[in-house]
DNA sequence: CACCAGGCAAGTA
DNA sequence: TACTTGCATGGT
């Protein structure tokens, strides 16, 4: 029996899906590339990340071993187009170290871990915050967790689904307490929210052609 | 020219 | 705890 909030969420989801169709997220060749992309796209447009990813691929460094072997300085130069390149080079190095030292350098073993303990471990890596951790869990490891970003916050806030000052966890719980824990649903829903944001989100709400009034 | 993008950590009081 | 600031490129 769905909650009333659950019904509203479904209504929003159905509306978005009918308007935009499937989004085919995450755009990447493999899980490791998803993780790298998740770090590179922090506060950065995906267009810029694509260039950085392309550079890494061309030089054959887009793999756990590749990122382990490259120096931080060389890495920073390759990911330059994605912005914050010194910070992100450090973050990628930090993740790779965690991946080999604490996860056995094995994505399979990693995804076999329990969701929330693994989430806590990811949050312990410098440079991986809640959104990046959840993006990795959902899109790379296919764990049923809802990803919250700035668009999600605006959507929920403007539709009065959460308080104005709601925390990341509160928004995440609002989705997860009212929807089935379904990887495909969480995947598509978040991707649709981002699509909505790209097309309609500017600081001021209320665009006539927006499928969701108010966003 | 200003403003923003699929955040996060560190510093301040 | 609750703000603020640094990080940085590329597109509009």
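In the numbering used here, the protein residues as written are 9 to 223.
Glycine included, every Cβ here is placed at the ideal spot set by N, Cα and C.
Small disclaimer: the values here were computed from a predicted structure and weren't measured.
A straight-line Cα-Cα distance of about 13 Å links residue 177 and residue 127. Here residue 106 has 133 as same chain residues with Cβ atoms under 7 Å from its own Cβ, once five neighbours each way along the sequence are excluded.
By the C-beta criterion, the region 154 to 164 is judged to be in contact with the region 174 to 191, since at least 3 inter-stretch pairs fall below 8 Å.
Counting along the chain, residue 56 sits inside the alpha helix (DSSP H) bounded by residues 54 to 66.
For the alpha helix (DSSP H) assignment, the uninterrupted runs of no fewer than 4 residues enclosed by the region 33 to 117 are, from N- to C-terminal side, 39 to 48, 54 to 66, 72 to 77, 80 to 86, 93 to 110.
When secondary structure is reduced to three states using DSSP, residue 180 falls in the helix class. Residue 138 sits in a helix when the DSSP states are folded into three classes.
Judged by DSSP in its simplified three-state form, residue 151 adopts coil rather than helix or strand. Taking the Cα of residue 136 as reference, the smallest distance to any Cα among 102, 120, 119, 36 is reached at 102.
DSSP places residue 199 in the helix class (H, G or I) of the three-state scheme. With a 10 Å radius around the Cβ and a threshold of 16 neighbouring Cβ atoms, residue 139 comes out buried.
Residue burial annotation: residue 146 is buried, with at least 16 other C-beta atoms found within 10 angstroms of its C-beta. Contact check for residue 72 and residue 40: beta-carbon distance about 6 Å, within the 8 Å limit, so the pair qualifies. A direct Cα-to-Cα measurement between residue 219 and residue 21 gives close to 11 Å. Within the same chain, 40, 41, 44, 61, 64 come within 8 Å of residue 70 by CB-CB distance, once the 5 residues on both sides are set aside. Here residue 110 is exposed. Its C-beta has fewer than 16 other C-beta atoms within 10 Å.
Excluding its 5 nearest sequence neighbours in each direction, residue 164 has C-beta neighbours in its own chain below 6 Å: 170, 179, listed in chain order. Check the Cα spacing between residue 49 and each of 16, 12, 209, 202: the tightest is with 202.
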